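Those protein sequence lines, which keep their order, are chains G and D. This note's numbering puts the first residue of the first sequence at 1, with every later residue one more than the last. This note's numbering puts the first residue of the second sequence at 1001, with every later residue one more than the last. Backbone N, C-alpha and C fix where the C-beta goes; we use that ideal spot for every residue, glycine too. Quantities reported herein were computed from a predicted structural model and do not represent experimental measurements. One structure is given here, and the rest of the page talks about it.
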Amino acid sequence: MDVLFSNVKELVALAESQNKPISEIMIEQEILITKRTREEIIAQMDNNLTVMEKAVERGLQGVHSASGLTGGDAVLIQKYMASGKSLCGDVVMDAVSKAVATNEVNAAMGTICATPTAGAAGIVPGTLFAVKNKLNPTREQMINYLFTSGAFGFVVANNASISGAAGGCQAETGSAGSMAAAAIVEMAGGTPQQSAEAFSIVMKNMLGLVCDPVAGLVEVPCVKRNAMGAAKALVGADMALAGVVSRIPTDEVIEAMHKIGKSMPSALRETAKGGLAATPTGKALEAKIFGKDKVDSDTVNS
Amino acid sequence: MKYRSVFDIIGPVMIGPSSSHTAGAARIGRVARTLFGRQPEWARVHLYGSFAETYKGHGTDVAIIGGLLDYDTFDERIKSAFADAEKLGMTFEFIPEEEEAVHPNTARLVIGDSEGVMELTGISIGGGTMEVVELNGFPLRLSGHYPALLIVHNDRSGVIASVSNAIAKLNINIAHMEVDRKEKGEMALMVIEVDQMIDAALINELESLPNVTQVSTLAN
Chain G
1 MDVLFSNVKE LVALAESQNK PISEIMIEQE ILITKRTREE IIAQMDNNLT VMEKAVERGL
61 QGVHSASGLT GGDAVLIQKY MASGKSLCGD VVMDAVSKAV ATNEVNAAMG TICATPTAGA
121 AGIVPGTLFA VKNKLNPTRE QMINYLFTSG AFGFVVANNA SISGAAGGCQ AETGSAGSMA
181 AAAIVEMAGG TPQQSAEAFS IVMKNMLGLV CDPVAGLVEV PCVKRNAMGA AKALVGADMA
241 LAGVVSRIPT DEVIEAMHKI GKSMPSALRE TAKGGLAATP TGKALEAKIF GKDKVDSDTV
301 NS
Chain D
1001 MKYRSVFDII GPVMIGPSSS HTAGAARIGR VARTLFGRQP EWARVHLYGS FAETYKGHGT
1061 DVAIIGGLLD YDTFDERIKS AFADAEKLGM TFEFIPEEEE AVHPNTARLV IGDSEGVMEL
1121 TGISIGGGTM EVVELNGFPL RLSGHYPALL IVHNDRSGVI ASVSNAIAKL NINIAHMEVD
1181 RKEKGEMALM VIEVDQMIDA ALINELESLP NVTQVSTLAN
């Protein structure tokens, strides 16, 4: 299959040599691979953006999951921000609250757009709708933010993994935070290379993060990992825009993430057998939610 | 290349909570339904690895049944799939397996009705993307990225040529093709992914070819 880029080095080189943003290279590759028209592709991304907006709106009104483990934190954070007491500033806390809002909706089996997964779905939209208030982007620029995120995610998915069961949480919120950092840089007027630097800076700080969901639910600690993923994305983007570079090239950081994921024991890859899931409280919550017959054969209506 | 489109990364639009355990699971169920060609009357679902350990929390079970009812990843009815299946008289059973599978998120679906039984193994590789890795005992690799033809035939000389000729006559380009058989001279399976949509005329023509016993399709 013909692709325009298969790693970050090629992606950045193409964007810089053709003097195009990364989002445009992603759109061109999508046209090439799927043979769909530019209009169709942009309309689908516009629709995904609308799904993200609605999920954030719903979460900010306050939702709770069926298990009772998560919900309502997005509202708490927004109220705290309104008090004017936030220490790390409104853009960061706004992104955090909107990331949490999205994942609270996800945990409540609401409608979301996976970016790149459902468990990590808060970070890309959370940062987007927070940065929006600072940079006042057009709708087109917001859609491009998603294409730029997607371009980096495309490389990670094909060269490493975006699955918690295969690579741990570093593959999910790690990928999402790094993708968002790269997209923030582009929206803020940074270069394609600066997008890659932002990606690397964030991913390096996500390496080794395990997937250890309590009771196997996408709730604890997933919602708060989206919160921190959004914060890291903003900090990483700011560092790259300041001119900070990663000593390890982006593709090598991705390769490192892949290898770390492969060497993770299965207990720490979404089996709910290790980490926070295996703590006394994690176990007690599991027993409370599912009772003791959880792993027994489950026969329904047969 | 496992992931082909930007919408494999920014997408799918889906009902929570997990892209691999909910959306990917729904897609495995839906592909099984499509290949079976009709609503199954019963389903036995074997779950492996992370699927076996966490399927209740992730709604993997309702998602697979939703897929068997032909619901897409964003269909709100996934939540009521158990009740919906019951109304249609479909029975189902989930069996968490202890043994290790090739991929940590693997589901083996055995579905059937009075006319036939089909067995399909799917893996959910992350972000809602899935692959079919086995069908009725034949190992294969089917991503669902392209429209596909699955042709069960007798292992005789000339069958592959007559099938590819019929496809070529309609100016349809073959993107990927696999052929496998159980034993020499016995039942064989062709999996053909194509670039263009597959229409009823082609299916009819393929079904009429000598030694072709069954044709199933998967739309993109």
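Next on the checklist: DSSP has D1180/D in a bridge; who is on the other side?
Outcome noted: L1189/D
Cβ closer than 7 Å: which chain D residues qualify as neighbours of S178/G? By Cβ distance, chain D contributes nothing, its closest Cβ being about 12 Å from S178/G, past 7 Å.
(Q) Rounding to the nearest angstrom, what Cα-Cα distance links E186/G and T148/G in this structure? (A) 8 Å
(request) Pick helix, strand or coil for G1059/D, following the three-state DSSP scheme. (result) coil
task = Count the other CB atoms, across all protein chains shown, that sit within 10 Å of the CB of Q18/G; report buried if there are 16 or more and exposed otherwise.
result = exposed
### Query
Quick one: complete alpha helix (DSSP H) runs, 4+ long, within the stretch 1074-1143 of chain D?
1081-1087
Given that a residue counts as buried once 16 or more other Cβ atoms are within 10 Å of its Cβ, and exposed if not, what is L76/G? exposed
Proximity below 7 Å, CB of L1170/D to CB of L1202/D = yes
| request: My understanding is that S1019/D touches A114/G, with C-beta atoms under 8 Å, so please give their C-beta distance in whole angstroms. | output: 4 Å
_Assigned secondary structure, A277/G (DSSP; H/G/I helix, E/B strand, else coil)_ = helix
Helix, strand or coil: how does DSSP classify R1027/D here?
helix
For this session: Pick out the complete beta strand (DSSP E) segments inside the stretch 66-136 of chain G, 3 residues or longer, and give them in chain order.
Result: 111-113
Q) Given a threshold of 16 other Cβ atoms within 10 Å of its Cβ, counted over all protein chains shown, does D1199/D qualify as buried or as exposed? A) exposed
* Asked: Based on the DSSP secondary-structure assignment, which residues constitute the bridge partners of T37/G?
  -> DSSP, once it has assigned bridges, lists no residue as partnering T37/G.
Self-check item: Run of the alpha helix (DSSP H) containing L1202/D, from where it starts to where it stops
Solution: 1200-1208
Just how far apart, CA to CA, sit L1120/D and N1154/D? 20 Å
Would you check if the stretch 213-232 of chain G and the stretch 120-130 of chain G touch, i.e. whether three or more CB-CB distances between them fall below 8 Å? yes
Using the Cα positions of G236/G and G153/G, report the straight-line distance between them to the nearest angstrom. 16 Å
| field | With 16 other Cβ atoms within 10 Å as the buried cut-off, status of V64/G | value | In the sequence as presented, Val is not what sits at residue 64/G; that position holds His. The residue is exposed, with fewer than 16 neighbouring Cβ atoms inside 10 Å.
Review point. Is the stretch 206-220 of chain G close to the stretch 237-250 of chain G, with three or more CB pairs under 8 Å?
Key: no
Q) Do we get a CB-CB distance below 7 Å when we pair R1004/D with the residues of chain G? A) yes
My guess is that I1002/D and A157/G are in contact by the Cβ rule of under 8 Å, so how many angstroms apart are they, rounded? Before going further, note that residue 1002/D is Lys rather than Ile in the sequence given. The pair is a contact, with the Cβ atoms about 7 Å apart (cut-off 8 Å).
Below 7 Å CB to CB, which residues in the same chain sit around S1143/D once its five sequence neighbours on both sides are set aside?
E1131
- request: Specify, as a first and last residue, the run of the beta strand (DSSP E) that V210/G falls within.
  value: It is not in any beta strand (DSSP E) - V210/G carries neither H nor E in the DSSP assignment.
* Count the other C-beta atoms from every protein chain shown that fall within 10 angstroms of the C-beta of I248/G, then say buried if there are 16 or more, exposed otherwise. => exposed
In whole angstroms, what is the alpha-carbon distance linking I289/G and G68/G? 9 Å
Check: Given that I42/G touches chain D, what residues does it touch there, using C-beta distances under 9 Å?
Finding: The premise fails here: I42/G is roughly 11 Å from chain D at the closest Cβ pair, so nothing lies under 9 Å.
Are the Cβ atoms of A1107/D and L1069/D separated by less than 7 Å? no
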